[in-house]
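The opening position of the sequence shown corresponds to residue 14 in this note's numbering, with each subsequent residue numbered one higher.
Glycine residues also receive a C-beta, built at the ideal position from the N, C-alpha and C atoms.
These numbers were taken from a predicted model, which means no experiment stands behind them.
Below is one structure; the comments refer to it alone.
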Amino acid sequence: MSARLGSDDTRLIGRAHEQEQVAALLAALPAGGRVLHLSGAPGTGRSAVLRYAARTAADQGVRVLTTSWAPAEQDIPHAALHTLLRPHPAPPRTLPEADRDTLEAAFGGDRAPAPDRLAAAVLALIAQAPGPALVCVDDLDRIDAESRAALREMARLCAGTRIGMIVAERTAPDTPLAPDALAVTLGPLSGPEARALVEHAGRATGYTETELVVAVAGGNPLALTELSLGDGAPGDTAGLGLLPATPRMAQAYAQDLAELPEPARRALLSAALSTSSLTWDVLGATRHVLGSGDAARDGLTEAVRRGLLAEDGRNLRFPRPLVRPAVLHLESAARRMAAHAALGRSVTSPPHAAWHAAQCAVGTDEDLAARLEELAGLASAGTAVLTALAALENAARLSPDPARRAARLLRATELACDHGLREQALRLARGIDPAGLGTYGRALLLWVHELLPGNFVAGRESIAGLCEAARAVAATDPELTRKLLHAAARRCWWHQAGPGERRLLTDTVEDLRPRPWDARDIAVMALVEPQAVPDEDTHRVLRRPGGADVGLLGQLAHLVGDLGRATLLFREAERTARAEGRHGRLPQILVPRALEEIWLGAQWHTARDLADEGRTIAARTGQTDWVARATGALGVVAALRGEHERALECAAEVEEASLRLGQSRQLSLASLARALTASGTGRYAEAYAQLRSMVTEPSAPYSYEQFWGLAFLAEAAPPAGEQDDARAVVAQVEAATRTGRTPLLRRILAYADALIGPDEEAAEHRYREALRPGIETWPLLHGMTLFGHGAWLRRRRRVIESRAPLAEAESLFRTLGAEPRAELAATELRAAGRPAAEPDAGDVSRVLSPQQLTIARLAARGLSNRAIGEQLRLSPRTVASHLYQIFPKLGVTSRAQLAARIGTD
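Right, here's the structure in full:
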């Protein structure tokens, strides 16, 4: 397969070692021929490396001769050698007569020459043309035996010529081709390389599909370029947690299958289809098909002998996993159906036997459908989602009751959405037929519409319909009722619904949900009226009663502003989502975590990386609302870091998305990014006006964004001359939050009171209160408070006392990455008569963050931004942004200077 980046680009994705070996062989050609021997399983890229070598050699003016296996010619003597010499139609007269005779005997005589004589003659013929040459041989182990013997002798003899050889075959021989031949076995690509190849191939349409392809392919380049989910109903491979093979993939194993005797082929098919790995189950199915236990055992033994299967105790496995989908592609539907029928009788696990029985079932069968639903419940992490989805879809097909059929398709749709499989979710949802289901069917359709990502045609107006549907099914389906209420609450939050819609929803919850409320009920209320949620209810459910959804608890803690607890819960939810492959949930975890890291993080690159990954996954799973939210988080971080142009770009993107999606919730982060950019460039009056509008004129109940804006409003008020107005705004927020304040809000109010309080004489006490133990939890707010205190002390002519808080503020800001604030603190320090703390230029580790240091070292070694990103799982743009910060810190302007500054070790 080809892993070439472009039609005019000879680079490969991955295979750096192999590229180095090709370069060394070509560089040595003028002095003498060398041999590079490539081996590897089908699809590992042997042919791609050969093509790369041939193209590179041709670009350097080296003659290239190639040959490879052709199925129709594998029994014709010297056929592959004849193909190699096709550019030399007839031996020239300058060739020694003995060599001409040898060549004529090989290609038309009655007696085949000895391999060593033929090899010498071929090398002499190739050497007749001026300049070095490269011989590329693919599938050496599969070409005709006479050519293979001669080519092996050529590899032994070419050292004394200017002819190099690159030879590829599936397995390396016991003895090397030549005494000094370099042998390289092609293994799987690394994770970053595999993802890059999948994205380049363009067959996988989304983030989760890419991850599934990477998992199933196991680093095999051919599989990485060929595999995809497809757009049809699941086939045999889905029940095994695999992806279907393409004709090109299957062709790589077609010869192996064709050469098998019938019993071995039947045994291999039974093993390939079987949902059970037990040898006994596979033997039983093969015996049913062949009618003989001895034949079944002999067939299995032969498949094992040929390396297509392996026995590990009581279990069977495929040493080369891609053989399995290839076999299923190559075998006919009739043979697969016969194997399924046999496996349905022989597999001992009822849920797994049900999968095979279902493939042969016609009509409906509730018992079989129930066992398939049980099989879906057994599926765990990784590619098992394919098994679960296929089992549920087959269970729906077999369901005689329309309501159960719809419920099973709904469960499959929900699972597909959780895993970020948008296209599969849409296909499954289209199969839900509400006809004949009455009120339940209408409610079901409403929930499915809310469930699918990207459905923003309806806005606030759908809240009433969702509440009505929840009331209609409350008595018959409490779980669907809760889902509908949560969907209505999400609409309230994203669209910042007005008092009427919010009151309608809270009344519906009060009527339908008995107290005490559980986590989902309280999360609904937090989405609608976060300040009205009683603290005792929140604390009760956040104590993690058994079976609670950790992601839901994290969302609840985030909504009510308990960021510390939210971060812990979201971290656990993230680990679980990644382990289970529920990529569709990741943006809803990563983006809130990024926002929390703005206040809780010690270095903002963490917040930026979280938001960047969240946006990437959201974009590739169709969650455009979370794309906008992640962009807003990136804009706020950029503004705080002094990257003002980037912050304004993000704000504009969010504003455009808000109009397109009809979601006013997105605008708060855009406003915050613009206000921080204004204050960061000295336009305090403009920043104050934007923040005031954001804090005092919310279109919905106060949320954490407004509270965060309050800190920056207080900061902008003194230089804008708006202290009196700011005090009134703070008083308004204090009155609105009297019933309950989060730890961060209490700290923000204390900071605002210290900074803009009316009594200048009492400021000392207020700053002590704002800086009481615990402020360290919030590094940004800690730095802002220290800076305010230091500046106040210096204005009061307490210069010596001002130095310590100003120096600590500068250090905090630099660690965070808040360079504009760090420079302000440094200016105040100089005004206080003490030079700002300059990092030791000789100690790079004190100048750069740990991640920046890692990136700097990789860049100094000559790695590109893309290569660095692949190693560290960052986007190239994120790497470029880090380098943009690193260069001025180290006083360099190029990668060469960077290498000289920190070395390349």
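Membership of I788 in any beta strand (DSSP E) is not indicated, and neither H nor E is assigned to it by DSSP.
For S907, the three-state secondary structure derived from DSSP is coil. CA-to-CA, the gap between D269 and E492 works out to about 52 angstroms. The beta-carbon distance between H50 and A185, rounded to whole angstroms, is 7 angstroms. This is short enough to meet the 8 angstroms contact definition. Three or more Cβ pairs closer than 8 angstroms define a contact, and the segment 586 to 606 falls short of that threshold against the segment 763 to 772. Around D378, the same chain offers L411 as residues with beta carbons nearer than 7 angstroms, after the five sequence neighbours per side are excluded.
The closest CA to that of A660, considering only V649, A371, A670, is found on V649. In this structure, G734 sits near A698, with a CB-CB distance shorter than 9 angstroms. Here P786 is exposed: its Cβ has fewer than 16 other Cβ atoms, across all protein chains shown, within 10 Å. In this structure, A838 places its C-beta atom within 9 angstroms of the C-beta atom of A822. In the DSSP annotation of this structure, G567 is not part of any beta strand (DSSP E); the continuous alpha helix (DSSP H) holding it starts and ends at 563 to 572. Closest option to R740, judged by alpha-carbon separation, among V640, R751, A727: A727. Counting the other CB atoms within 10 Å of its CB gives H30 a total below 16, which places it among the exposed residues.
Within 10 angstroms of the beta-carbon of R330 lie fewer than 16 other beta-carbons, which makes it exposed.
Taking 8 angstroms as the upper bound for CB-CB distance, L518 and L497 are not in contact here, some 10 angstroms apart. Of L78, V197, A217, the smallest CA-CA separation from R633 is found for A217. Residue pairing by DSSP places L147 opposite V77, G177 in a beta bridge. Residue pairing for E324: DSSP places it in a beta bridge opposite L329. Contact check for D534 against V522 passes: the beta carbons are separated by less than 9 angstroms.
Collapsing the DSSP output to three states places A845 in coil. Out of P529, R68, R526, R473, the CA that lies nearest to the CA of P512 is found in R473. A distance below 7 angstroms between beta-carbons, with the five flanking residues on each side excluded, links R358 to the following residues of its chain, in chain order: H301.
Note on geometry: alpha-carbon atoms of R678 and H618 lie some 25 angstroms from one another.
Look at A196 here: in three-state DSSP terms it is strand. Closest option to A351, judged by alpha-carbon separation, among R155, R279, A158, I176: R279. Only exposed fits I813, as fewer than 16 other CB atoms lie within 10 angstroms of its CB. Within the same chain, and ignoring the five residues on either side of R526 in sequence, the residues whose Cβ sits closer than 6 angstroms to its Cβ are D534. Burial is judged here by how many other beta carbons sit within 10 angstroms of a residue's own beta carbon; E344 has at least 16 and is buried. Contact between E166 and A132 holds: their C-beta atoms lie close to 3 angstroms from each other, under 8 angstroms. In the DSSP annotation of this structure, V48 is not part of any alpha helix (DSSP H); the continuous beta strand (DSSP E) holding it starts and ends at 48 to 52. The segment 195 to 213 makes no contact with the segment 64 to 76, as fewer than three CB pairs between them are under 8 angstroms. Looking at the DSSP output, L391 bridges to nothing.
Under the DSSP definition of a beta bridge, L94 lacks any partner.
For A284, the enclosing alpha helix (DSSP H) begins and ends at 275 to 286.
The DSSP-derived three-state label of E272 is coil.
One Cα belongs to I630, the other to A394, and the distance between them is close to 19 angstroms.
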